[in-house]
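Below, the structure is given as structure tokens:
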């Protein structure tokens, strides 16, 4: 008889607290980890119907040691329109292959009963939320909202039979000053072609987010694994960002008819600040306040343009405006965040970026 049990939270709601406890155990004393907002995570899980989500927690000797959610998307993911796909998200676990096998077995069995033929993960429901494992580490600091996990996660999944589905990377530009001359020509060409540019208006926050949402839905709809989300959910995802955004790091592009046709979204890298703020010591909190004012890196998170303006230089021109704003803010460093291996946006570093982290998303066929 095994010394662990697997519980479904639908049938055992008392174990919701165990679900939230697992990251505390996994990342105890890990200075690179940003504390999870357990209320936010549980709210995200509850956005799924009971029939489309199986939240599981593994308990050993009275201690939570693994968790996941098996999720069936409400609409097909891009690239899998003709196949029934399941997702495994919210995964956290101790380094115990027996327990991992047991909890994954439970999820796979549930998927099979639902006639799912392929499982993809890690993905917390869609690509708008957290997905991917870090598969190659480096000494560069973990940036704000970057995926983070123990090194053994990929190994545990691969040993179970998951195979790499897609790869991603992040680039670091140590001095944006050297990238500016190369990127400036794209901006000048865009201006000659009648495009105009402006920064984000924080006084009209929600309507500005709606513009980003509408451009994103058009721009990213052909991206691998894309699934559209509701406008209200999108705005809710960015609601807390209002406190940390700098309007000069978010740019819109307008066409000749004054129609918004592109955006670039960047934020100060407050990753270290947030980690210090969530610690208990006074010294750590003082460090956080110092970092809020004296951050040294900008995170370029997202660039999008309407499909009809692809290959018109909108993305490179917007990237130039981000780099120019970074310089005006007297910052030099830029992280180009979470780029798909096949995405051309990785070339927007002005030939001065270097890959510093890689990420992987996995798949497993479960056809009988």
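In this note's numbering, the protein residues as written are 629 to 996.
Using N, Cα and C, we set each Cβ at its ideal position, and we do this for glycine too.
Cβ contact annotation for residue 818 (same chain, cutoff 7 Å, sequence separation greater than five): 941, 942 and 945, in chain order. The alpha-carbon separation between residue 865 and residue 691 amounts to approximately 32 Å.
A distance of 9 Å or more separates the beta carbons of residue 974 and residue 807.
A straight line joining the alpha-carbon of residue 777 with that of residue 822 spans about 45 Å. Taking all protein chains in view, the Cβ of residue 954 is crowded by 16 or more other Cβ atoms within 10 Å, so the residue is classified as buried. Taking a 10 Å sphere around the C-beta of residue 662, we find 16 or more other C-beta atoms and assign the residue as buried. Contact check for residue 635 against residue 646 passes: the beta carbons are separated by less than 9 Å. Excluding sequence positions up to five before and after residue 651, its CB lies within less than 6 Å of the CB of 664 and 720, all in the same chain and listed in chain order.
Residue 774 is a Cβ neighbour of residue 899, given a cutoff of 9 Å. For residue 774, there is no enclosing alpha helix (DSSP H), as DSSP marks it with neither H nor E. Judged by pairs of C-beta atoms under 8 Å, the stretch 733-741 does not touch the stretch 868-881, as fewer than three such pairs exist. In the DSSP assignment, residue 925 falls outside any alpha helix (DSSP H) and lies within the beta strand (DSSP E) extending over 925-933. Residue pairing by DSSP puts residue 691 in a beta bridge opposite 688. Note on geometry: alpha-carbon atoms of residue 964 and residue 802 lie some 11 Å from one another.
For the pair of segments examined, the stretch 925-937 was found to touch the stretch 885-899: the number of CB pairs separated by less than 8 Å reaches three.
Excluding five sequence positions before and after residue 660, the CB atoms of its chain that fall closer than 8 Å to its own CB belong to 769, 770, 776 and 903, given in chain order. Between residue 752 and residue 789, the gap from beta carbon to beta carbon reaches 9 Å or more.
Taking 3 residues as the shortest admissible run, the stretch 749-832 contains the following complete beta strand (DSSP E) segments, listed from N- to C-terminal end: 761-764, 791-801 and 824-827. Boundaries of the alpha helix (DSSP H) around residue 729: 725-741. In summary, residue 750 is buried, with 16 or more beta-carbon neighbours lying within 10 Å of its beta-carbon over all protein chains present. Note on residue 867: under 16 other CB atoms within 10 angstroms of its CB, so exposed under the neighbour-count rule. Residue pairing by DSSP places residue 699 opposite 681 and 715 in a beta bridge.
By the C-beta density criterion, residue 760 is buried, having at least 16 other C-beta atoms within 10 angstroms.
Per DSSP, residue 865 is one residue of the alpha helix (DSSP H) stretching across 859-866. The alpha-carbon of residue 784 is positioned some 39 Å away from that of residue 837.
Annotated three-state conformation of residue 947 is helix, per DSSP.
In this structure, residue 744 keeps its C-beta atom at 9 Å or more from the C-beta atom of residue 967. Annotated three-state conformation of residue 835 is helix, per DSSP. Relative to residue 814, the option among 948, 859 and 772 whose CA is nearest is 948. The continuous beta strand (DSSP E) containing residue 892 extends over residues 888-896. In this model, residue 829 and residue 694 are separated by some 43 Å (Cα to Cα).
Residue 635 is bridged by DSSP to 685. A direct Cα-to-Cα measurement between residue 758 and residue 933 gives close to 23 Å.
Using a 10 angstroms sphere on the CB of residue 897, the tally of other CB atoms reaches 16 or more, which defines it as buried.
The C-beta of residue 855 has 16 or more other C-beta atoms within 10 Å across all chains shown, which makes the residue buried. The secondary-structure analysis by DSSP pairs residue 881 across a beta bridge with 825 and 890.
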